[in-house]
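To keep things clear, I will list the structure first and then write my remarks on it.
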Amino acid sequence: MGIQGLARFIDDHGAILTDDQFRNSKLIIDGTYLYHSLYFNSCVDQQHGGDYDDFEDQVCKFFKALRDCGIEPYVIIHGGSDFSDKKFETQLHHVQSRINTANNLSKGLQGSGLLPILIKQVFKQVLSSLKVPFAQCIFEADQEIASLAERWNCPVMSNNSDFYIFDIQAGYLPFFHFQWQNASTQRWSSQNYIPCKRYTTTSFCRHFNINRQLLPVFAAIAGIDYVNLDKICFPIRWEDNLPMEPNRNPSKNPRADMLLKWLASFQEQQEALDNVPRLIVSRNNQHNMDSALQALSLSTETYQLQPGCLERFFIKDKAPDPSHLPDHLSVLPDWTLLPLMKGTLSSSIIHILQLRPVIQGVQVEDHSFPSGNNTSRPVRQVVFGLLLGERREVEEYDREGINLTSSMVKAILPRAAQQMQLDMLNQVLRLEVFLETLGVSQSTLNGLPSHLELPVAVTYYWLRHAHPQPDHPLLQALLLGLVYGELCRQRKTNDSSLFCVSGFIEEGPVLERLRGLIQRGASNLDLAVAHAYSQWQRCMRDVLDLNQLLCFPLPEPQIAWLYRGTLVHQLVDELRGVVTPDSLLMEDPSSGQLYRAMLEAILNSQETEFSDRGHRSFTFIDID
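At position 529 of the sequence shown (counting the first as 1) the number is 528 in numbering that gives the first Met the number 0, and the numbers step up by one without a gap.
What follows is the structure in structure tokens.
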């Protein structure tokens, strides 16, 4: 989670960072920070639930720039977490902050930092399509990333200031200074390179004249998110310990400057830790003092590099040896380890199996209604049941209004899974469990393209469970969005370079019309539409997790092409006016047939259900 203010502090001391022309090297990439940075730096829409195809394009361009410069990327995505839960309070604070951001965006106010809920799944799929090696780390990722970089003698790229502390010989490349969009060619050769700045602990320690062993102590005292002496009532009054020289220029961060000057008087880490009590203003509570010093000592251990499991995974395609797992991961069944690291199982199952709290995602929606996550709760309950058995409960954190609260959610098991354990279910039973959970019959999906069976099943489930009840334009716009995604997917050629930023064929009339709507720009946010589609996205995410857990009884779709928020919101406006699906799909019979097949499958299955619930069933609109 990083050290607040450290990146700016190092930038202020410009001599620490050195200019670099990065090329022809392995690079360990902090994938979680990368997809955050690529999404937010590209100014992609945050109000309407995500424009995933634009994000996919950014990811493709980024990795093309690396390969053009001879850079061999290895991406590590955060999956596990520290079992001591020392960061949990900070995580809850960040989630509450995202709820506040979503609330501001829902009112048309400014806000930033809200990722679409399917972004991680899209990122993993794009990495797979580009054949970029990646791992979803089941341990605390920072240590694993630093350990692999040190093992392979290559740098780390991230925006996480913790990497200023890890002693990585090849250094750290802050993403903020990594100018991948400005790849250049050397004057004396044809070799491309990416201009960037490189950080090393050697440069830092030389600049401040301290021993590198003291960097973890600096991080702990300076204020790691979960260890902060000021917050736990042990403030440091630096002027009582190390007054500033009168002629010295004022620093933008005098606290860090004085801390480093104090540390320069020590050679060993333990010596510095033993002297921390002398910095404390008040030492009346010895018990709290002991707890604070223990917390500081433990936090320094997080920066000690240990042998990791990533090299074994990347070279041999093997998961960690189960007998070597730490105790808190012993609950993971052996068969889950490799799929977890390959990213074909959601990392949330680690928390579920450990009976730890599960934090739900945050989206822009109507906060006067219950959370959109409630719509797919029955799907999550089945996931809990498959992993834990019935009569167990999982604690979930989600919003109530605009406040983060927790509740206990019961695990349930479908009939098809009640007599056998998950790893003993055959493929037929897995499909039966999947269909039973969603309330979908196999006949509903017959005749559809296989890669669209899951999205149609999700849409069927959403219509039955969403609140308020989605109206017909909401459904039509969603299906037209799927048609748009299918046309975009088909438009890409099988380019031999595998990069999706080239190799297009000519657009057809339907794609041209739909792109015309996109180019008009996003409409003013309709909160009712946003709330309906936030529920659909949450249903999609939880159903994708269920499908993965059941070893893909239905093919997994390309998620980037399932939803484009700015388009479907615009389509709802148009469809509530004079525009019809027929007018958008004319001149392309195949697009009309696809739209009709999806709509007919859903409405034919929904008709009885809607009648039973007292709703007027939708009328099928023929678009031939």
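Yeah, the Cβ is synthetic: ideal placement off N, Cα and C, and Gly gets one too.
Exercise for the section: Go ahead and label residue 613 buried or exposed: buried means 16 or more other beta carbons lie within 10 angstroms of its beta carbon, across all protein chains shown. Expected result: Residue placement at residue 613 is poorly supported in this model, since its pLDDT is 44, which falls under 50; the coordinates are not used for a value here.
>> Below 8 Å on the Cβ atoms is my contact criterion, and I expect residue 132 with residue 73 to pass it. Report the Cβ-Cβ distance as a whole number of Å.
In response: 5 Å
request  = Specify the secondary structure class of residue 408 as computed by DSSP and reduced to three states.
outcome  = strand
Those runs of the alpha helix (DSSP H) which lie wholly inside the stretch 117-153 and span at least 4 residues | 118-129, 140-151
Practice item. Look up residue 506 in the DSSP assignment and say whether it is helix, strand or coil. Key: coil
*asked:* Taking 8 Å as the limit between beta carbons, can you name the residues of its chain near residue 360, skipping five residues before and five after?
replied: 116, 372, 537, 540
Ends of the alpha helix (DSSP H) at residue 442?
-> 441-444
Measure the C-alpha to C-alpha separation of residue 57 and residue 30 and round it to an integer number of angstroms. 14 Å
Next on the checklist: Could you give the first and the last residue of the continuous beta strand (DSSP E) run that contains residue 345?
Outcome noted: Element bounds for residue 345: n/a, residue is neither H nor E.
Does the distance from the C-beta atom of residue 706 to that of residue 351 stay below 9 Å?
With the chain covering 0 to 623 only, the question about residue 706 has no answer from this structure.
Quiz prompt | Same chain, Cβ closer than 8 Å to residue 208, neighbours up to 5 away in sequence not counted | solution = 263
(message) Less than 9 Å between the C-beta atoms of residue 424 and residue 416, yes or no?
(response) yes
- prompt: Cα-Cα, which of 177, 71, 547 is closest to residue 421?
  reply: 547
| Anticipated Cβ contact below 8 Å, residue 552 with residue 433, distance rounded | 5 Å
Status (buried if at least 16 other CB within 10 Å, exposed otherwise) for residue 419:
exposed
### Message
If contacts are defined as beta-carbon pairs under 8 Å, then residue 198 and residue 5 qualify, I think. What distance do you get, rounded to the angstrom?
### Response
No, residue 198 and residue 5 are not in contact; Cβ-Cβ is about 11 Å, not under 8 Å.
List, from N- to C-terminal side, the alpha helix (DSSP H) runs of 4 residues or more that fit wholly inside the stretch 173-218. 200-207
Next on the checklist: Three or more C-beta pairs under 8 Å: does that hold for the stretch 326-335 against the stretch 103-118?
Outcome noted: no
query = Contact between the stretch 142-156 and the stretch 303-312: three or more CB pairs below 8 Å?
reply = yes
Problem set entry | Selected residue, minimal CA-CA separation from residue 152, among 55, 71, 10, 584 | 71
Query - Span of the alpha helix (DSSP H) around residue 399 - result: Unbroken run through residue 399 is the beta strand (DSSP E), 392-399; no alpha helix (DSSP H).
Q. Which parts of the stretch 461-485 are runs of the beta strand (DSSP E), unbroken and 3 residues or longer, counting only runs that do not cross its ends?
A. none
Subject >> Closest residue to residue 193 among 390, 174, 588, 388 (Cα-Cα distance) >> reply: 174
Practice task
Would you mind working out which of 388, 487, 345, 400 sits nearest residue 367, comparing C-alpha positions?
Solution key: 400
*Starting from residue 171, follow its DSSP beta bridges and name the residues at the other end.*
155, 198
Query - Own chain, CB closer than 8 Å to residue 67, minus 5 neighbours either side, in chain order - result: 182, 191
What first and last residue would you give for the beta strand (DSSP E) that runs through residue 18? 17-21
- Can you check whether the CB of residue 586 is closer than 9 Å to the CB of residue 507? yes
List the DSSP bridge partners of residue 29.
75
Nearest neighbour of residue 639, chosen from 27, 523, 297, 219 [CA to CA]
A query on residue 639 cannot be resolved here, the shown segment of the chain reaching from 0 to 623 and no further.
- Do you know how far the Cα of residue 355 is from the Cα of residue 95? 19 Å
Reference residue 79; option with closest CA among 323, 255, 562, 136 = 136
Span of the alpha helix (DSSP H) around residue 369: From DSSP, residue 369 is part of no alpha helix (DSSP H); its letter is neither H nor E.
- Message: Taking only three categories from DSSP, how would you classify residue 563?
- Response: strand
Contact with chain D by residue 517, beta-carbon distance below 9 Å: Structure shown: chain D not included; a single protein chain is present.
Check residue 603 in the structure and name its three-state DSSP category. helix
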